[in-house]
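Student: Numbering (the numbering used here), first residue to last: 2 to 883. For every residue, glycine included, the Cβ atom is placed at its ideal position computed from N, Cα and C. All of these numbers come straight from a predicted model, not from anything done at the bench.
Next comes the structure, spelled out in structure tokens:
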């Protein structure tokens with residue numbers, strides 16, 4: 002085989018004993034990279050390239066001690082270890098990996114960790130089905146999925162890996178529980194809960210949809226009376242709502258609305274009031290909400306809706322039409338009065354509430370209702386706003402002291418129910434003593450580890466109550482006999498703080514180092530699915546707000562910027578009459594319509610989230626095996642914005658393949674000429690009259706596409722547009738004359754930028770292109786711009802030329818008026834005053850400002866991007882105008 006080496010010996014001194022030289026000769030001979038000379042790149046060659054560069058492109062890890070670099074924490078939501086990688090995983094981790102590589106090239110100290118959200122019902126159900134332990138099933142799946150992720154060669158910092166089912170991890174989940182308990186933010190009470198009859202466990206309010214179906218199993222949810230553990234998330238409702246207006250939050254968009262709609266305006270208060278009366282199978286307390294708690298001493302009754310579980314015929318008697326009274330009362334702790342309970346639909350119940358606190362002093366509806374049911378009422382009032390506020394403060398303070406509520410909250414929001422009646426979860430670190438009552442497990446006894454249970458004899462469900470020996474323990478206070486808590490925690494508790502453990506995963510003394518959190522927290526970019534925009538983000542934000550209130554975190558909000566990626570969808574085919582899903586090979590197209598091949602029945606084709614049951618899934622391993630890593634990465638990122646759903650169709654794959662082919666041929670043409678020419682020929686005066694024009698075009702193309710690609714990575718998060726911009730640069734490189742390609746320094750600079758910009762998106766392929774580029778005999782590019790002696794992943798992200806004209810966009814009252822071209826070196830130091838001076842020379846701006854005065858102006862300037870000046874005006878009065 003004839004081997005053509007596309008490098009010169011000037012690049013060898015940095016390689017010890019010329020081992021690099023020998024390895025490249027071997028590589029070119031054994032992998033077929035010598036086919037570079039033929040100018041064509043096949044899938045096999047690309048996979049050979051990826052195998053060679055596999056161990057060379059992931060050399061950087063986050064350095065806790067590096068204070069010289071600015072940190073960047075990019076985090077993708079950790080997966081549940083199902084054992085199978087799907088295209089949604091491929092998409093989210095390709096996004097986070099691309100961003101992580103980009104910021105490393107920008108000179109940041111990048112933290113990009115990975116772990117496993119490993120507790121939960123699927124593992125337990127699988128264990129019961131297979132008669133193995135959930136731990137065995139889970140850790141086998143983790144092994145399999147890690148191998149699949151490694152097949153993608155992602156730049157995760159695996160040294161920080163953990164699973165939430167590791168005792169070393171859930172020890173700190175239990176510590177967090179105890180911290181909340183000590184602060185009065187964890188409590189246990191008997192209440193009606195949402196019961197999933199299929200999974201046989203309770204669900205938080207957030208885990209039940211608007212039609213009363215379980216979020217996981219799809220079962221119709223039932224109400225069941227149980228003693229359960231709650232986290233008092235309502236205590237932080239107001240700060241959680243206000244935190245959404247934090248100006249440092251970027252790209253929260255629809256997620257912010259989702260959170261706001263869940264929390265809602267905190268315009269009232271909940272109270273947990275004692276129920277007086279012997280009504281069996283009903284809680285001992287009643288939760289009521291009111292928007293005027295300062296008047297609670299004047300409350301005269303409680304009403305419940307007819308849909309309430311307290312409405313039972315044997316305990317009710319009619320009072321008036323549409324009104325019944327219950328044989329029970331509610332104690333008002335603020336004055337000791339007992340309040341009657343009425344069943345009625347004649348009062349304006351707040352949304353999501355079936356209880357109503359009647360305060361005639363604050364409501365005409367309540368006053369009229371009191372007259373109707375014969376409640377004597379003497380009008381009272383608070384004299385002024387200041388007196389009301391003093392009373393409000395007093396009431397709320399008492400309620401918090403008594404632990405019956407007293408926090409500003411909407412009628413929608415309730416506390417987080419975390420008890421789960423299953424085995425595979427974090428044990429709640431509580432013991433129950435007949436003498437001392439509820440007692441927390443001492444911290445030196447953490448973790449409270451899960452007991453080993455045999456799943457060979459379990460047929461339906463497994464709970465900690467089956468572990469009789471484990472349940473029996475001693476009271477940490479009196480030393481007497483006690484029983485461990487048999488409920489486990491909702492898995493959302495485990496995932497509510499995992500982003501903090503990555504900061505300091507090996508710490509055996511505390512959850513995380515406060516000092517490390519000061520430099521690493523918050524997460525700069527959080528990447529994940531929109532399906533977690535309500536529950537997970539709400540719980541994670543709550544924990545962050547709580548830990549900040551304890552002085553352990555430097556800020557309340559855990560995630561600065563969100564990138565909520567869309568689903569990966571495949572085409573589904575359903576028989577119109579039955580809804581049965583068909584495989585693609587069971588369907589044929591006829592007259593632009595689909596029919597089932599066998600029955601000839603009409604078939605409905607639509608895009609849906611990939612699923613095995615719908616026969617529209619794509620195995621990522623098969624795609625990687627066919628096209629390789631980088632082609633798959635480019636395909637998953639191209640065409641659709643990360644936030645949009647991705648419609649999977651191989652019909653768009655040729656576009657990516659053709660682009661890679663054009664890049665390959667472009668680099669080949671460059672290296673062919675540079676390796677065949679001598680310096681005298683290279684520096685000879687150009688003869689093509691188009692050379693100067695093409696040279697200028699390359700200068701503009703380099704800067705324009707670099708600017709727009711950078712903007713779409715950093716600011717708009719449109720990675721698909723960034724790829725489009727890079728493809729535009731490829732087109733520009735192939736447009737110019739041959740002499741420009743061969744001799745132009747600007748062409749060489751643009752080609753270098755092309756390869757470097759490609760590197761975060763297709764690191765292996767770009768590394769190979771860069772090695773060929775650097776190995777060319779002669780270069781015109783400055784050593785200050787690139788380092789030809791290091792790989793592409795070691796290059797700095799390119800800078801826009803100082804004399805390139807950037808754009809200053811001028812907006813008056815939000816309307817775009819004009820765009821002013823400003824050299825980058827001026828734009829970098831442009832002040833608001835200087836920007837306003839530039840607008841004086843714009844006829845369009847002056848026309849818009851005629852007879853108006855500027856009342857406010859601001860300049861928005863971002864790194865490597867065009868700038869904007871916003872001007873707000875108002876009309877001058879006629880006298881001033883004249």
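#1: Out of curiosity, what's the CA-to-CA distance linking residue 641 and residue 719?
#2: Taking residue 207 as the reference, which of 195, 199, 200 has the closest Cα?
#3: For the candidate residues 667, 664, 636, 665, whose alpha-carbon lies nearest to that of residue 653?
#4: By DSSP, does residue 741 sit in helix, in strand, or in coil?
#5: Looking at C-alpha atoms only, which residue of 259, 71, 793 is the closest neighbour of residue 776?
#6: Does the beta-carbon of residue 154 have 16 or more other beta-carbons within 10 angstroms, so that it is buried, or is it exposed?
#7: DSSP has residue 530 in a bridge; who is on the other side?
#8: Ignore the nearest five residues each way along the sequence and tell me which others in residue 294's own chain have a CB closer than 6 Å to its CB.
#9: If distances are taken between C-alpha atoms only, which option among 834, 819, 813, 838 comes closest to residue 876?
#10: If residue 263 and residue 539 are in contact, beta carbons under 8 Å, what's the gap, nearest whole angstrom?
#11: Do residue 239 and residue 661 have their C-beta atoms closer together than 9 Å?
#12: Pop quiz: residue 427 and residue 234 are said to be a contact at Cβ under 8 Å. What is the actual Cβ separation, rounded to whole angstroms?
#13: Please confirm if the segment 128-148 is in contact with the segment 405-421, defined as three or more CB-CB distances below 8 Å between the two stretches.
#14: Is the Cβ-Cβ distance between residue 143 and residue 456 less than 9 Å?
#15: According to DSSP, simplified to helix, strand and coil, what is residue 10?
#16: CB-CB under 8 Å to residue 58, same chain, minus the five flanking residues each way: which ones, in chain order?
#17: State the beta-bridge partners of residue 230 as determined by DSSP.
#18: Could you tell me the distance, in whole angstroms, from the CA atom of residue 482 to the CA atom of residue 467?
#19: Closer than 6 Å by C-beta to residue 32: which residues in its own chain qualify, once you throw out the five before and the five after it? Chain order, please.
#20: Which residue or residues does DSSP assign as beta-bridge partners of residue 575?
#21: DSSP on residue 360, reduced to helix/strand/coil?
#22: If you follow the beta strand (DSSP E) that residue 673 is in, where does it begin and where does it stop?
#23: Examine chain D for any beta-carbon lying closer than 9 Å to the beta-carbon of residue 103, and answer yes or no.
#24: Determine the contact status of residue 752 and residue 678, defining contact as a CB-CB distance below 9 Å.
#25: If you run the structure through DSSP and keep just helix, strand and coil, what is residue 29?
#26: Under a three-way DSSP split, which group does residue 553 fall into?
#27: I'd like to check one pair, residue 730 with residue 702: are the Cβ atoms closer than 9 Å?
#28: Less than 8 Å separating the Cβ of residue 504 from some heavy atom of the ligand NAD?
#29: If you draw a straight line from the C-alpha of residue 810 to the C-alpha of residue 253, how long is it?
#30: What whole-angstrom Cβ distance do residue 203 and residue 422 have, given they're in contact under 8 Å?
#31: To the nearest whole angstrom, what separates the beta carbons of residue 370 and residue 284, a pair I think is in contact under 8 Å?
#32: With which residues is residue 590 paired in a DSSP beta bridge?
#33: Using only the alpha-carbon positions, how far apart do residue 494 and residue 108 sit?
#34: CB-CB under 8 Å to residue 440, same chain, minus the five flanking residues each way: which ones, in chain order?
#35: What is the rounded straight-line gap between the Cα of residue 346 and the Cα of residue 337?
#36: Ordered along the chain, which non-local residues of its own chain (more than five positions away) have a Cβ less than 7 Å from that of residue 332?
Tutor: In brief:
#1: Residue numbering aside, residue 641 sits at position 640 when the chain shown is read from its first letter. Residue numbering aside, residue 719 sits at position 718 when the chain shown is read from its first letter. If I take the Cα positions, the gap works out to 8 Å.
#2: Within the chain shown, numbered from 1, the residue matching residue 207 stands at position 206. Cα-wise, what sits closest to residue 207 is 195.
#3: One-based indexing of the chain shown puts residue 653 at position 652. When each option's Cα is compared against that of residue 653, the closest is 636.
#4: Within the chain shown, the letter at position 740 stands for residue 741. Of the three classes helix, strand and coil, the one that applies to residue 741 here is helix, per DSSP.
#5: Taking the first residue of the chain shown as 1, we reach residue 776 at position 775. Measuring from the Cα of residue 776, the nearest candidate turns out to be 793.
#6: Taking the first residue of the chain shown as position 1, residue 154 is located at position 153. Buried, by the Cβ-count rule.
#7: For this step, residue 530 is matched to residue 529 along the chain shown. Residue 530 pairs with 566.
#8: Here residue 294 refers to the residue found at position 293 when the chain shown is read from its first residue. Counting only Cβ-Cβ distances below 6 Å, and skipping sequence neighbours, we find 270, 396.
#9: Looking up residue 876 in the chain shown gives position 875. Taking only the C-alpha atoms, the option nearest residue 876 is 813.
#10: Position 262 of the chain shown, counting from 1, holds the residue named residue 263. Position 538 of the chain shown, counting from 1, holds the residue named residue 539. Residue 263 to residue 539, Cβ: 6 Å. Contact.
#11: For the purposes of this step, residue 239 is identified with residue 238 of the chain shown, where counting begins at 1. For the purposes of this step, residue 661 is identified with residue 660 of the chain shown, where counting begins at 1. Their beta carbons are not under 9 Å apart, which means residue 239 does not touch residue 661 by this criterion.
#12: The residue you call residue 427 lines up with position 426 of the chain shown. The residue you call residue 234 lines up with position 233 of the chain shown. Not really, about 18 Å apart at Cβ, beyond 8 Å.
#13: no
#14: The count along the chain shown starts at 1 and reaches residue 143 at position 142. The count along the chain shown starts at 1 and reaches residue 456 at position 455. No, these two residues do not count as a Cβ contact at 9 Å.
#15: One-based indexing of the chain shown puts residue 10 at position 9. In this prediction, residue 10 has a pLDDT of 33, which is less than 50 and means its spatial position is unreliable; what the coordinates show is noted afterwards. Reduced to three states, the DSSP call for residue 10 is helix.
#16: By 1-based counting over the chain shown, the position of residue 58 is 57. The residues are 154, 156, 764, 765, 768, 792, 794.
#17: Residue numbering aside, residue 230 sits at position 229 when the chain shown is read from its first letter. In DSSP, residue 230 forms a bridge with 189.
#18: By one-based count along the chain shown, residue 482 stands at place 481. By one-based count along the chain shown, residue 467 stands at place 466. So the two alpha carbons sit approximately 18 Å from each other.
#19: Taking the chain shown and counting its residues from 1, one reaches residue 32 at position 31. In this prediction, residue 32 scores a pLDDT of 40, lower than 50, which makes its location untrustworthy; no coordinate-derived value is stated.
#20: The residue you call residue 575 lines up with position 574 of the chain shown. In the DSSP output, where bridge partners are listed per residue, residue 575 has 582, 605.
#21: Along the chain shown, one-based indexing puts residue 360 at 359. Three-state DSSP puts residue 360 in coil, outside helix and strand.
#22: In the chain shown, the residue the question calls residue 673 occupies position 672. That residue, residue 673, is in no beta strand (DSSP E); its alpha helix (DSSP H) goes 654-677.
#23: Given the protein chain composition of this structure (a single chain), no chain D is represented.
#24: Residue mapping note: residue 752 aligns to position 751 of the chain shown, counting from 1. Residue mapping note: residue 678 aligns to position 677 of the chain shown, counting from 1. It is not a contact, given that the beta carbons lie outside the stated cut-off.
#25: Along the chain shown, one-based indexing puts residue 29 at 28. Low per-residue confidence applies at residue 29: pLDDT is 39, beneath 50, and the placement is therefore not dependable, though the value from the model is reported in the following sentence. Reduced to three states, the DSSP call for residue 29 is helix.
#26: Start at 1 with the first residue of the chain shown, and residue 553 comes out as number 552. Correct three-state label for residue 553: coil.
#27: What you label residue 702 is simply residue 701 of the chain shown in a count that begins at 1. What you label residue 730 is simply residue 729 of the chain shown in a count that begins at 1. In contact: residue 702 and residue 730 (Cβ atoms closer than 9 Å).
#28: Within the structure as shown, the ligand NAD is missing, as the structure has no ligands at all.
#29: Looking up residue 810 in the chain shown gives position 809. Looking up residue 253 in the chain shown gives position 252. Computed Cα separation, rounded: 24 Å.
#30: Counting from one through the chain shown, the residue named residue 203 turns up at place 202. Counting from one through the chain shown, the residue named residue 422 turns up at place 421. That pair is a contact at about 7 Å.
#31: Stepping through the chain shown from its first residue, residue 370 is reached at position 369. Stepping through the chain shown from its first residue, residue 284 is reached at position 283. Actually they do not touch by this definition, with Cβ atoms about 25 Å apart.
#32: Taking the chain shown and counting its residues from 1, the one referred to as residue 590 is at position 589. Residue 590 pairs with 595.
#33: Translated into positions along the chain shown, residue 494 becomes position 493. Translated into positions along the chain shown, residue 108 becomes position 107. Computed Cα separation, rounded: 35 Å.
#34: Within the chain shown, the letter at position 439 stands for residue 440. Here the set comprises 431, 432, 433, 434, 476, 477, 478, 483.
#35: One-based indexing of the chain shown puts residue 346 at position 345. One-based indexing of the chain shown puts residue 337 at position 336. Each residue's Cα considered, the two are about 27 Å apart.
#36: The sequence position of residue 332 within the chain shown is 331, counting from 1. Closer than 7 Å at the Cβ level, and outside the excluded window around residue 332, lie 274, 275, 277, 339.
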